[in-house]
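Peer 1: Residues 1 to 304 (the UniProt record's numbering) make up the sequence shown, in order.
From the three backbone atoms N, C-alpha and C, an ideal C-beta is built for every residue, glycine too.
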Amino acid sequence: MNPSVAVVASLSGVVKRYGALTALDGLDLMLHRGELLALLGPNGAGKSTAISLLLGLIRADAGRVELFGQDPQAIDARRRIGVMLQSAFLPSTLTVSELLRLTMSYYPAPRSLAESAEMAGVSDLLSRRYAALSGGQQRRVQFALALCGRPELLFLDEPTVGMDIDARQKLWAAIRRLTAEGCAVVLTTHYLEEAEALAQRVVVLGKGRVLSQGSVDELRAHVAVTRIRCISDLDVHALAQWPHISRAERDGTHLLLHSDAPERVLRRLLDADPLLSELEVRRAGLVEAFTELTRESAAEKEAA
Numbered sequence: 001m002n003p004s005v006a007v008v009a010s011l012s013g014v015v016k017r018y019g020a021l022t023a024l025d026g027l028d029l030m031l032h033r034g035e036l037l038a039l040l041g042p043n044g045a046g047k048s049t050a051i052s053l054l055l056g057l058i059r060a061d062a063g064r065v066e067l068f069g070q071d072p073q074a075i076d077a078r079r080r081i082g083v084m085l086q087s088a089f090l091p092s093t094l095t096v097s098e099l100l101r102l103t104m105s106y107y108p109a110p111r112s113l114a115e116s117a118e119m120a121g122v123s124d125l126l127s128r129r130y131a132a133l134s135g136g137q138q139r140r141v142q143f144a145l146a147l148c149g150r151p152e153l154l155f156l157d158e159p160t161v162g163m164d165i166d167a168r169q170k171l172w173a174a175i176r177r178l179t180a181e182g183c184a185v186v187l188t189t190h191y192l193e194e195a196e197a198l199a200q201r202v203v204v205l206g207k208g209r210v211l212s213q214g215s216v217d218e219l220r221a222h223v224a225v226t227r228i229r230c231i232s233d234l235d236v237h238a239l240a241q242w243p244h245i246s247r248a249e250r251d252g253t254h255l256l257l258h259s260d261a262p263e264r265v266l267r268r269l270l271d272a273d274p275l276l277s278e279l280e281v282r283r284a285g286l287v288e289a290f291t292e293l294t295r296e297s298a299a300e301k302e303a304a
C-alpha cells in the first residue's frame, strides 16, 4: 500500500484485557483509504475486539486507537463509517424503505434511497416488512443500511452468511464499487475464498497479535505447496515416499498429492501411469496459507 494514501483508522500498540485474558497484545493495525483489508483469524484471535475498539464500543487498556485521526467515540468520526455486524436487531414492523429512510436521516450526505437499494440488491423488497424477509434478504437489507450513509470506512462482519451464490456475487460487486470510490473496507469472514477474491491486504491474527500480513499472493508464498489431483491406480503409500511429495491420500477414486516441486512429480506420475486421467494442478491458496499460519502459532504456544 502506498504510504502517501490517507490513513483512515489505526491501532498502535493496543492492549485489551478481559480479566486474566489478554484479547489484544500490543496490536498494530493501519487501514488506508480505498483499501479492502481482510481481518482473519481463528475464534479468540482478537478480531471482534479490534473492530469494537475502532467502532468506539470499548476502550483500550493501553495504546492508541484512532478513527479519521480522532477518538472513535467522536460523533464526527462515527458519521463517516458504516457497519454491518454479524447479528442485527432491527424494528421488525418497519418496511425496508422505512428502515432505509430512518438510517439515512442520521447522515449529513447520504446516498439516495434508490441508489442504496440498487447497490444492495433490495429494490424489489422496499415495500416489504423486515420481519417477513428470509435470512439472506435481511442480510442484504443490513448491507443497504451500512452503505446508505455514504461511508468512508465500512465494517463488514461475515456479510454473506445466509446468502445464496447469486446474492453473494452481487454483494462482492458492490464492495468492489465502494472501494473504487475510495471507501475503505474492513472484512471479517470465515469464507476464505471471499477474502481471496476481494482483499488487497490480509492480516491474520492469533492470540491478539499479527501472525502475518500482506497481499493474498504474499501469504500464499508462505506455503510453497501445489496440490495435484487425478485418477490413478498407483499405490498411495508408495507415492508418499517419493521425493517432493509431502502428503499423499485417497479421496474416493481420486488421488490427492501435495508437492513442493509439481513439475518433477507430474513427469514421474505420467511415466508411472500412462492411464492417469482427470489431472488437476492447483497452487496453494489462502485456505492453505491460513491453516499453516495458525498451525504454526498453536505449535509455538505449546512449545512455550
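(1) Whose CA, out of Gln138, Arg80, Gly182 and Trp172, lies closest to the CA of proline 151?
(2) So, for alanine 240: in the same chain, excluding its five sequence neighbours on each side, which residues have a beta-carbon less than 7 angstroms away from its beta-carbon?
(3) What are the partner residues of lysine 16, as DSSP defines its beta bridges?
(4) What are the start and end residues of each continuous beta strand (DSSP E) run of 3 or more residues lying completely inside the region 168–211, in chain order?
(5) So what does aspartate 166 bridge to, in DSSP terms?
(6) What does the alpha-carbon distance come out to for the pair leucine 57 and alanine 77?
(7) Mark serine 116 as exposed unless 16 or more other C-beta atoms lie within 10 angstroms of its C-beta, in which case mark it buried.
(8) Report the residue from His237, Met163, Ala221 and His258 whose alpha carbon sits nearest the alpha carbon of arginine 229.
(9) From glutamine 86 to arginine 282, what does the alpha carbon distance come to, in whole angstroms?
(10) If you count every other CB in all the chains shown that lies within 10 Å of the CB of tyrosine 130, and 16 or more means buried, which is it?
(11) In this structure, how does DSSP classify leucine 40 when only helix, strand and coil are distinguished?
(12) Report the residue ranges of all alpha helix (DSSP H) runs contained in full by the region 230–267; include only those spanning at least 4 residues, in chain order.
(13) Check whether the Cβ atoms of valine 203 and isoleucine 51 lie closer than 8 angstroms to each other.
(14) Specify the secondary structure class of glycine 82 as computed by DSSP and reduced to three states.
(15) Under the rule that 16 or more other beta-carbon atoms within 10 Å means buried, what is valine 8, buried or exposed?
(16) By Cβ distance, which residues of its chain are closer than 6 angstroms to aspartate 273, with the 5 residues on each side in sequence left out?
(17) How far does the alpha helix (DSSP H) with phenylalanine 143 in it reach, from first residue to last?
(18) Answer yes if the region 95–102 comes into contact with the region 141–155, meaning at least three C-beta pairs across the two stretches below 8 angstroms, and no otherwise.
(19) Taking only three categories from DSSP, how would you classify threonine 49?
(20) Under 8 angstroms, do phenylalanine 89 and leucine 192 count as touching if we go by C-beta distance?
(21) In terms of alpha-carbon separation, which member of Arg128, Arg176 and Val161 lies closest to leucine 119?
(22) Taking all protein chains shown into account, decide if alanine 109 is buried (16 or more other Cβ within 10 angstroms of its Cβ) or exposed.
(23) Leaving out five residues before and five after leucine 171 in sequence, what residues of the same chain have Cβ atoms less than 8 angstroms from its Cβ?
(24) Going by CA-CA distance only, name the one from Leu153, Ile75, Ala45 and Ser92 that's closest to arginine 33.
(25) Isoleucine 228 by DSSP, collapsed to three states: which one?
Peer 2: On the basis of the data shown:
(1) In the sequence shown, residue 151 corresponds to position 151, counting from 1. Of the candidates Gln138, Arg80, Gly182 and Trp172, the residue whose Cα lies closest to the Cα of proline 151 is Arg80.
(2) Indexing the sequence shown from 1 puts residue 240 at position 240. Closer than 7 angstroms at Cβ, skipping near neighbours: Ala248.
(3) Position 16 of the sequence shown, counting from 1, holds the residue named residue 16. Paired residue(s): Leu24.
(4) Entirely contained in the region 168–211, the beta strand (DSSP E) runs reaching 3 residues are, in chain order, 184–188 and 201–206.
(5) Counting from 1 along the sequence shown, the entry for residue 166 is found at position 166. BP columns for aspartate 166 are empty, so no partner.
(6) On the sequence shown, residue 57 is found 57 positions in, with the first residue counted as 1. On the sequence shown, residue 77 is found 77 positions in, with the first residue counted as 1. Rounded to the nearest angstrom, the two C-alpha atoms are 13 angstroms apart.
(7) As a working mapping, residue 116 is identified with position 116 in the sequence shown. Serine 116 is buried by the Cβ-count criterion.
(8) Counting from one through the sequence shown, the residue named residue 229 turns up at place 229. For the residues His237, Met163, Ala221 and His258, the minimum Cα distance to arginine 229 belongs to His258.
(9) Counting from one through the sequence shown, the residue named residue 86 turns up at place 86. Counting from one through the sequence shown, the residue named residue 282 turns up at place 282. Rounded to whole angstroms, glutamine 86 to arginine 282 spans 32 angstroms at the Cα level.
(10) Here residue 130 refers to the residue found at position 130 when the sequence shown is read from its first residue. Tyrosine 130 should be labelled buried.
(11) Translated into positions along the sequence shown, residue 40 becomes position 40. Three-state result, leucine 40: strand.
(12) Contiguous alpha helix (DSSP H) elements confined to the region 230–267 occur at 236–239, taking only those with 4 or more residues.
(13) Start at 1 with the first residue of the sequence shown, and residue 203 comes out as number 203. Start at 1 with the first residue of the sequence shown, and residue 51 comes out as number 51. Going by C-beta atoms, valine 203 is not nearer than 8 angstroms to isoleucine 51.
(14) Within the sequence shown, residue 82 is the residue found at index 82, counting from 1. Looking at glycine 82 - three-state DSSP - the assignment turns out to be strand.
(15) Counted from its first residue, the sequence shown places residue 8 at position 8. The residue in question, valine 8, is buried, as its Cβ has 16 or more Cβ neighbours within 10 Å.
(16) By one-based count along the sequence shown, residue 273 stands at place 273. Closer than 6 angstroms at the Cβ level, and outside the excluded window around aspartate 273, lie Ser232 and Leu234.
(17) As a first step, residue 143 is located in the sequence shown; it is residue number 143 there, counting from the start. Phenylalanine 143 -> alpha helix (DSSP H) spans 135–147.
(18) yes
(19) Taking the sequence shown and counting its residues from 1, the one referred to as residue 49 is at position 49. Helix.
(20) The count along the sequence shown starts at 1 and reaches residue 89 at position 89. The count along the sequence shown starts at 1 and reaches residue 192 at position 192. The Cβ atoms of phenylalanine 89 and leucine 192 do not sit closer than 8 angstroms to each other.
(21) For this step, residue 119 is matched to residue 119 along the sequence shown. Going by the sequence as given, residue 119 is methionine instead of leucine. For methionine 119, the closest of Arg128, Arg176 and Val161 by C-alpha to C-alpha distance is Arg176.
(22) Walking along the sequence shown from the start, residue 109 turns up at place 109. By the neighbour-count rule (16 or more Cβ atoms within 10 Å), alanine 109 is not buried but exposed.
(23) Your numbering for residue 171 matches position 171 in the sequence shown. Once the five neighbours on either side are set aside, the close Cβ partners of leucine 171 are Ala120, Gly121, Arg140, Phe143, Pro159, Thr160 and Met163.
(24) Taking the first residue of the sequence shown as position 1, residue 33 is located at position 33. Nearest C-alpha to arginine 33: Leu153.
(25) As a working mapping, residue 228 is identified with position 228 in the sequence shown. Strand, per DSSP.
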